[in-house]
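S.K.: Sequential numbering of the sequence shown, starting at -19, is according to our numbering.
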Amino acid sequence: MIKKYEVSEIDCAVCAGKIEDAIKKLDGVKSAQLNFIMQTLTVEAEEGDFARLEKEIVKAGRKTERDFEISEA
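1) In three-state DSSP terms, what is Leu33?
2) So who's on the other strand from Ala(-4), going by DSSP bridges?
3) Looking at Ile(-10) and Ala(-4), is the spacing between their C-beta atoms short of 7 Å?
4) DSSP three-state label for Ala25, please.
5) If I measure Cβ to Cβ from Ala40 and keep anything under 6 Å in the same chain, skipping five residues before and after, which residues do I get?
6) Whose C-beta lies closer than 6 Å to the C-beta of Thr22 among residues of the same chain, with five residues either side of it excluded?
7) Exposed or buried, which one is Ile37 when buried takes at least 16 other CB atoms within 10 Å?
8) How big is the Cα-Cα spacing for Ser51 and Val(-13)?
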């Protein structure tokens, strides 16, 4: 299943790349793409994993951008 999120508080493309790489490493994530210009995140994972993954995605993003947030698009 693929879910798309709006992201906020990403200040630069380099930070976006770091966050994307961290999300790709999360257990259960098949693929992830963070578009810095559009401020969107697309994640592919099993449907039952998203409740857990959303919390882990925010946690991973906050290691680079402390105010990082996601919301369903």
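For every residue, glycine included, the Cβ atom is placed at its ideal position computed from N, Cα and C.
The model shown is predicted, which means the values in this text are computed figures rather than measured ones.
M.R.: From the atom records:
1) helix
2) For Ala(-4), which the question treats as bridged, DSSP gives no partner whatsoever.
3) yes
4) Per DSSP, reduced to three states, the secondary structure at Ala25 is strand.
5) Ala2, Ile3
6) Lys(-16), Gln13
7) buried
8) 7 Å
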